[in-house]
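So that you can map any letter, position 25 of the sequence shown is 8 in this note's numbering, and since no number is skipped, the others follow by simple counting.
We put the beta carbon where it would ideally sit given N, CA and C, even for glycine.
No experiment lies behind these values; they were computed from the predicted model shown.
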Amino acid sequence: MNQSFSAFAWRMTALHMITYFIAGILAVNLMDYETLFRSGGLEHYMHPTDTPMVALGPGLQWIRGLIFALVLWPFRDTILSENRGWLKLWGLFVGLGILATFGPALGSVDGLIYTKIPMAIQTQALPELIIQSLLLSAGLWWWYKYPRKWITIVSIVLVALIVFMSIAGYQFLQMQPQ
């Protein structure tokens, strides 16, 4: 598959930011992260949802998106050219990025072994992670199979909105009395 690194990096980064934002908004609202992050051992592990850094988080996801692009660039042909390339990418994300991380992340094997956080609490975030990684994998594959200029335009607008909202949320929460 013929593409430039900059195009690949943009698509990976934009899709990561957009799917991260969508999955995060759904999870915060449907899974009551506000309460979850303030209890069950997570109060020592996660910032509360109403802190400035959490508001800034979606706008900083370009960093992770760029890391994904750098790491996956050598494997792009397998991911993008094969009919089930998205499934292979999703398997990588789930296997290495969620279940078998190199540290004790929530929901990972090491998280279950080495942290004091109960399994029930650790696994509550798994639906968000599974859905976001699925949307990212399938979305990247689809964008290459069916490239359209309007998708690029929409991605630019959405990424700009995510960055703007993250900065605005950060500034708003910075002004709030502690």
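Check	Outcome
For LEU9, the nearest candidate out of LEU79, LEU144, GLN115, LYS71 (CA to CA)	GLN115
Whether GLN44 touches TYR16 by CB criterion (7 Å)	no
THR18 to LEU109 span [Cα, whole Å]	17 Å
Proximity to GLU129 [Cα-Cα], best of LEU25, ASN66, HIS30	One detail in the question is off: residue 129 reads as Tyr in this sequence, not Glu. For TYR129, the nearest C-alpha among the options comes from ASN66.
C-beta atoms of SER138 and LEU39 nearer than 7 Å	no
Distance between PHE155 and THR61 (C-alpha atoms, nearest Å)	44 Å
Nearest candidate by alpha-carbon position, reference LEU112, set MET36, ALA143, HIS(-1)	HIS(-1)
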